[in-house]
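FYI, the numbering for the sequence shown is -18 to -1, 1 to 187, going by mature numbering (1 follows the signal peptide of the UniProt record, and there is no 0).
Each residue gets a CB set at the ideal place from its N, CA and C atoms; glycine is no exception.
Source: prediction; values computed, not measured.
Please read the structure below before turning to the comments.
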Amino acid sequence: MKFRLLLAVLTAAVTLYAGQYDKVKITPDMSYVYIYHKGKAVKVHRIQDTKHKLTGEYAKTYRPGQYIQPINLKNGVQTIGEVEVLKFMKAKVNEQQGMLIDVRDREHYKKESIPSAVNIPAKIRQNDIAMNKIFKSLGMEQRDDGSWDASRAMDLVIYCDGIWCKKSTEMIGTLLDRGYPAEKISYYRGGFQMWKILGFTTVRN
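Here it is in structure tokens:
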């Protein structure tokens, strides 16, 4: 509680000065947000070097066997962008009322991720025992008949490598098939590639 109060005071104190120093903002009225990651406050903003260029794996535009994912998943799940992800992180994740889920492979997550993201690799969806544990950790309660009570289910945002990556849509499909409510799930379609392209803060895990 004290830590959150300190974070709020820190945010308020520097907000007055942020606009005049940040060249690259998130929106006209937002330069950064503070997000909890593994118990520490992380300032999430964009790279201020206006000549910065993306290099490495996420600079690629083509991946064999991968196809562009649709914006409308047609299953009741909302697709969102970066501003909505940031608002979710601040309003839900910081208050422990929601979870940002990275479904990429564990090695990629360890190397770099969006701050506050929890890694649940997409391949875990094939493991019934693991998925039952995950459901319970997300606030789902299993009834005696094996069905799930979703009245306390957490709000989720799910992302993977980018718009060409199907891991998010596969995991979302599994969650829905198992009874997770669609209105509690959001799909960050841009994924880690778009997060990198826009120069947002990342963390090692």
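Pair within 7 angstroms by beta-carbon distance, residue i and residue j
{"i": "Val139", "j": "Leu180", "result": "no"}
{"i": "Gly144", "j": "Gln175", "result": "yes"}
{"i": "Trp146", "j": "Gln48", "result": "yes"}
{"i": "Asn101", "j": "Arg88", "result": "yes"}
{"i": "Val6", "j": "Thr183", "result": "no"}
{"i": "Asp137", "j": "Lys166", "result": "yes"}
Rounded Cβ spacing between residue i and residue j (contact assumed at less than 8 angstroms)
{"i": "Thr156", "j": "Arg86", "result": "Rounded, the Cβ-Cβ distance is 16 angstroms, inconsistent with contact."}
{"i": "Tyr170", "j": "Val67", "result": "5 angstroms"}
{"i": "Ala164", "j": "Asn76", "result": "About 24 angstroms separates the two Cβ atoms, so there is no contact after all."}
Range of the contiguous alpha helix (DSSP H) that encloses residue i
{"i": "Asp159", "result": "149 to 159"}
Extent of the continuous beta strand (DSSP E) to which residue i belongs
{"i": "Lys25", "result": "22 to 26"}
{"i": "residue 193", "result": "Nothing in the structure corresponds to residue 193, since the chain is present only between -18 and 187."}
{"i": "Gln48", "result": "From DSSP, Gln48 is part of no beta strand (DSSP E); its letter is neither H nor E."}
{"i": "Asp84", "result": "80 to 84"}
{"i": "His19", "result": "15 to 19"}
{"i": "Gln108", "result": "Gln108 -> no beta strand (DSSP E), and no H or E assigned at all."}
Cβ neighbour criterion (16 or more within 10 Å) applied to residue i
{"i": "Pro97", "result": "buried"}
{"i": "Ser168", "result": "buried"}
{"i": "Gly80", "result": "buried"}
{"i": "Tyr14", "result": "buried"}
{"i": "Asn54", "result": "exposed"}
{"i": "Lys22", "result": "exposed"}
Proximal residues to residue i (C-beta, below 8 angstroms), its chain only, five neighbours per side dropped
{"i": "Met122", "result": "Trp130, Asp131, Ala132, Arg134, Ala135, Gly161, Tyr162"}
{"i": "Gly173", "result": "Tyr141, Cys142, Asp143, Gly144, Ile145, Cys147, Ser150"}
{"i": "Tyr44", "result": "none"}
Chain-order list of residues whose beta-carbon lies under 6 angstroms from that of residue i (same chain, five-residue window excluded)
{"i": "Ala99", "result": "Leu82, Asp84"}
{"i": "Tyr40", "result": "Gln175, Lys178"}
Same chain, Cβ closer than 7 angstroms to residue i, five either side skipped, listed in chain order
{"i": "Met153", "result": "Val85, Ala104, Arg107, Ile140"}
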